[in-house]
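Numbered as in our numbering, the sequence shown ends at 266 without a single skipped number.
To start, the structure itself, in structure tokens.
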Amino acid sequence: MTVTNRLNMDVCVPLLVFSAMAGKDFDLARWWELLPAVLLVILVSGLLAWPLARLLHISPRTLLPPAMFNNCGNMGLPLALLAFGPEGFSGFVVAFVISNLLHFTLGAYIFCRTTRFVGLLYNPIVIATALGIAVSLLHWQLPAGILIGLKMLGDMTIPLMLFALGVRMTDVKLSGWRIGVLGGLLTPVTGLAGAAVAVYWLGLSPMLAGIVYLFGSLPPAVLNFLMAEHYRQEPDSMASIVLIGNLMSIGFVPLGLWLTLESLPA
């Protein structure tokens with residue numbers, strides 16, 4: 001799976017990020033308040049997870065990324081469309097992009113402390129993010145045929161990730177389920193705590209508060225497993241966290257949706 005994972009990281013994921021940002025649903029200028037809000041959710045999650053990792057003698061490089069970076073793409077975006085409609089969906093796309101940019105910069109540094117910032121500038125995902133921001137801010141409209149083609153290639157990302165995750169799960173030992181349950185609980189609990197801090201501290205409007213609560217309730221991102229494979233950071237443990245965390249989302253995502261709907265005006 002090494003070649004497949006590298007192809008996914010270097011080609012499919014960048015195209016997924018770029019197509020999301022170059023589309024009409026991405027409007028960074030309108031939803032700029034989500035920048036500090038999403039940043040707070042991610043940082044609070046990391047600050048809460050770090051002492052727990054030390055206390056339980058788990059490598060922070062294994063526990064922090066899934067706690068900080070959640071499944072705001074293939075799970076969060078459809079839920080946002082259902083909860084908020086097209087208007088709020090465009091705001092959640094902004095949250096998705098901010099999270100992904102931090103995942104491939106701050107997250108990459110957490111996975112591997114020898115990661116150099118200059119080297120990150122040449123990362124295909126960071127380049128795709130920068131190009132997507134430029135296209136959005138300059139209001140460039142790519143030809144529909146090109147954008148659809150890029151999106152189709154980018155949409156290969158999630159199936160390839162899930163396939164690689166399934167292959168890795170065949171090697172997971174029974175003892176790995178313990179860290180899976182821990183990670184599955186930690187991600188939404190710390191995420192919702194961070195969301196509450198962001199909503200209170202920043203005084204967000206009802207729509208923004210709803211977006212942040214939904215964002216905070218999501219399970220660990222499947223992408224964490226792909227990065228754990230890439231950096232050789234306990235991929236078996238990460239596979240357990242991602243799989244069990246997404247199964248446990250059956251309990252936490254409804255809580256996030258309830259908080260979301262409570263935030264919106266009647």
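For glycine and all other residues, C-beta sits at the position ideal for the given N, C-alpha and C.
Please read all numbers here as calculations on a predicted model, not as lab measurements.
- Under the three-state reduction of DSSP output, Pro265 falls in the coil class, being neither helix nor strand.
- In the DSSP assignment, Asn70 is bridged to Pro220.
- In the same chain as Ile158, and ignoring 5 residues on each side of it, the C-beta atoms closer than 6 Å to its own belong to Asn74, in chain order.
- In the assembly as shown, Leu182 is a buried residue. Its beta-carbon has 16 or more other beta-carbons within 10 Å.
- Glu262 is classed as exposed because its beta carbon has fewer than 16 other beta carbons within 10 Å across all chains shown.
- Around the beta carbon of Phe117, fewer than 16 other beta carbons sit within 10 angstroms, so the residue counts as exposed.
- Beta-carbon to beta-carbon, Val222 and Val253 are separated by about 15 Å, too far to satisfy the 8 Å threshold.
- Taking the CA atoms as reference points, Ile250 sits about 11 Å from Gly184.
- Annotated three-state conformation of Phe111 is helix, per DSSP.
- The beta carbon of Leu63 sits closer than 6 Å to the beta carbons of Ala49 and Ala53 from its chain, once the five residues preceding and following it are set aside; these are given in chain order.
- With a contact defined as Cβ atoms closer than 8 Å, Val41 and Val212 qualify at about 7 Å.
- Counting C-beta atoms within 10 angstroms of its own C-beta, Leu7 has fewer than 16 neighbours from the protein chains shown and is therefore classed as exposed.
- By the Cβ criterion, the region 190 to 200 is not in contact with the region 72 to 89, since fewer than three pairs of Cβ atoms, one from each stretch, lie closer than 8 Å.
- By the neighbour-count criterion, in which a residue is buried when 16 or more other Cβ atoms sit within 10 angstroms of its Cβ, Phe104 is buried.
- A contact between stretches requires three or more CB pairs, one per stretch, nearer than 8 Å, and the region 13 to 24 meets this requirement with the region 83 to 100.
- Annotated three-state conformation of Met248 is helix, per DSSP.
- Gly203: not part of any alpha helix (DSSP H); DSSP gives it neither H nor E.
- Between Ile98 and Leu147, the beta carbon gap of about 21 Å keeps them out of contact (Cβ cut-off 8 Å).
- Distance from the CA atom of Met238 to the CA atom of Phe225, rounded to whole angstroms, is 5 Å.
- Counting only the Cα atoms, Tyr109 lies some 26 Å from Val167.
- For the region 1 to 46, not one full-length beta strand (DSSP E) segment reaches 3 residues or more.
- Looking only at Met68, Pro14, Pro65 and Leu56, the smallest Cα-Cα distance to Ala130 is reached by Pro14.
- Here Gly203 is exposed. Its C-beta has fewer than 16 other C-beta atoms within 10 Å.
- Using a Cβ distance threshold of 8 Å, Gly191 and Ser217 count as a contacting pair.
- Rounded to whole angstroms, Glu234 and Ile133 show a C-alpha spacing of 33 Å.
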